[in-house]
Amino acid sequence: MYVTANQTVALPGNGHAIQLGEDGKINQTINPVADYVHYLLTFTLAPGGQNCSTNANVSVSAPDSNSILSFKQNFGKEKWQTYGLYLGSWEQQEPVNLILESQSTESDAKSTCWPLIDKLLLKSIETLVPGDGKHFSLSLHLWAFFS
Amino acid sequence: MVSIFLFLYIYGHFSPKSVNNIQFLEDLNFAFHIITNCYFSSCEVTLFNLDGYTDNLLLNGGFEFGPEFLSNSTEGVLLDSAPTPVLSPLRQWSISGTVKYIDSKHYFVPEGNAAVEFVSGVSTGIQAATTVEAGSKYSLDFTLGDANDSCRGNFLVGAQAGSTAQNFTLQSNGTGSAKNFSLAFKADLTTALIGFVSYTTTQTKDGVFCGPIVDNVVLRASQGMKSKIKWEAFIFLLFLVGIL
């Protein structure tokens, strides 16, 4: 469901978001830009309502990784929170599928608030190696001939 | 009469990127720290820059490598527990509890663009591992503080380096502060665990969970060749580069 911020729904920048209802799922295919690159996902999660007995979780999955996130109360001043996740590292040839879906533990769907998803940012980062950035090594070969 | 022919073969490699000559000379100007290992007639020279992070044995000690920040968000990015440093959004650090990845645009960050705030109270922490030389002495330098997010209270943070652990206290009035600390230790294994853990739970007066920040974690060998500055070698090298 496509949602716009209003009096009961708070979103970053008061924009729009996607609400993942019961069995709601969104996915996108990513083509890895290079080998040995790690992908990190940033996204914003907001509870989709106020009068509910439970907030449904969000499952984020990519090849080789699956994380389940629940909205954390009191970890910020806003009614939404931004989360960071490690997704994985894949070879360049294979397109990978990123899936976000709602997950409810409660059987009564009516008393569940379904999560709002917004501001998805994907970052690629190279494998860090000793000496990254500010350090380099230089090899100097010196031969001296005496005559 | 002795005539000396010098044949120079220099190659610099800035991992992971290669570099051109101009950058090389700029970096050489900032270099103050040279290690030479000479065997037979071949020398290997390692240069370090002035900024002091260069000989850091830890990867991502300044927490600059992590998930993207929302540019207009004042909330930071929450990172849930990550059992291994390899599969962690905070690159090279495992996470226990929940930490907040904070940016210098919206928070007080002691160094660089990012730092880590321990927000989920007692036993929230981060841990990294690095290869060391058993029997050698090392020093772990780090900065603790508060992120200027109205987090008032007394923080108690445990720092671990190898088999050495020490607690550090910090009084925060929530307006942004940083204090440098140091922990010396002797490695007893070839891998040293470096970790920080919060022993306190703090909330702002609005009920938002918050805590100490850690940044600028630097592990250095405190003895041996790495601590010696060989100026003669440095001047000699500059002279050689001048000839080129």
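From first to last, the protein sequence lines are chains U and W.
So the first sequence is numbered by the numbering used here: it starts at 1 and just counts up by one.
So the second sequence is numbered by the numbering used here: it starts at 148 and just counts up by one.
Using N, Cα and C, we set each Cβ at its ideal position, and we do this for glycine too.
Check                                                                                                                           : Outcome
Residues of its chain near F255 (chain W), where Cβ-Cβ distance is below 6 Å and the 5 sequence neighbours each way are ignored : A294, N295, G323
Option in W:D335, W:G223, W:F289 with minimal Cα separation from S310 (chain W)                                                 : W:D335
Residues near Q50 (chain U) by beta carbon distance below 8 Å, same chain, minus five either side                               : T8, C113
Burial state of T193 (chain W), where buried means 16 or more other Cβ atoms lie within 10 Å                                    : Note on T193 (chain W): pLDDT 40, under 50, position unreliable in the model; the coordinate value appears next. With 16 or more other Cβ atoms within 10 Å, it is buried.
Boundaries (first-last residue) of the beta strand (DSSP E) holding L402 (chain W)                                              : Residue 402 (chain W) lies beyond the residue range present for chain W, which begins at 148 and ends at 391; the question has no answer from this structure.
Proximity below 8 Å, CB of N265 (chain W) to CB of V246 (chain W)                                                               : Note that residue 265 (chain W) is Phe in the sequence shown here, rather than Asn. Cβ distance < 8 Å, so F265 (chain W) and V246 (chain W) count as in contact.
Continuous beta strand (DSSP E) stretch holding F302 (chain W): start and end                                                   : 299 to 308
Residues from the region 86 to 107 of chain U in contact with chain W, defined by Cβ distance under 7 Å                         : Y86
CB contact below 8 Å: G24 (chain U) versus chain W                                                                              : no
Interface partners of E222 (chain W) on chain U, CB under 9 Å                                                                   : P12, T44, F75, G76, K77, E78, W80, Q81, T82
Reference K352 (chain W); option with closest CA among U:V33, U:K77, U:C52                                                      : U:K77
Partner residues on chain U for E258 (chain W), Cβ-Cβ distance less than 9 Å                                                    : Result: empty, since nearest Cβ-Cβ is about 13 Å, beyond 9 Å.
7 Å CB neighbourhood of D35 (chain U) in its chain, flanking five on each side removed                                          : E91, Q92
Pick from U:N66, U:L40, U:N57 that is closest to C116 (chain U), judged by C-alpha positions                                    : A small fix is needed here, since residue 116 (chain U) is Leu in this sequence, not Cys. Selected option, being the one with the closest Cα: U:N57.
Alpha-carbon spacing of S241 (chain W) relative to F343 (chain W), whole angstroms                                              : 11 Å
Straight-line Cα distance separating A306 (chain W) from A312 (chain W)                                                         : 6 Å
Chain-ordered neighbours of T245 (chain W) on chain U, where CB pairs are closer than 9 Å                                       : K72, F75
Start-end ranges of the beta strand (DSSP E) lying completely within the region 341 to 368 of chain W, minimum 3 residues       : 360 to 368
Contact with chain W by L121 (chain U), beta-carbon distance below 8 Å                                                          : yes
CB contact below 8 Å: P115 (chain U) versus chain W                                                                             : no
Residues sharing a beta bridge with L100 (chain U), DSSP                                                                        : U:I26, U:V60
Within 8 Å, strictly: CB atoms of G84 (chain U) and G213 (chain W)                                                              : yes
Where the beta strand (DSSP E) through E258 (chain W) begins and ends                                                           : No beta strand (DSSP E) contains E258 (chain W), which DSSP labels as neither H nor E.
For C52 (chain U), the nearest candidate out of U:S104, U:S61, U:L120, U:V129 (CA to CA)                                        : U:S104
Residue interval of the beta strand (DSSP E) (run including Y83 (chain U))                                                      : 81 to 89
Three-state class that DSSP yields for N66 (chain U) in the structure shown                                                     : strand
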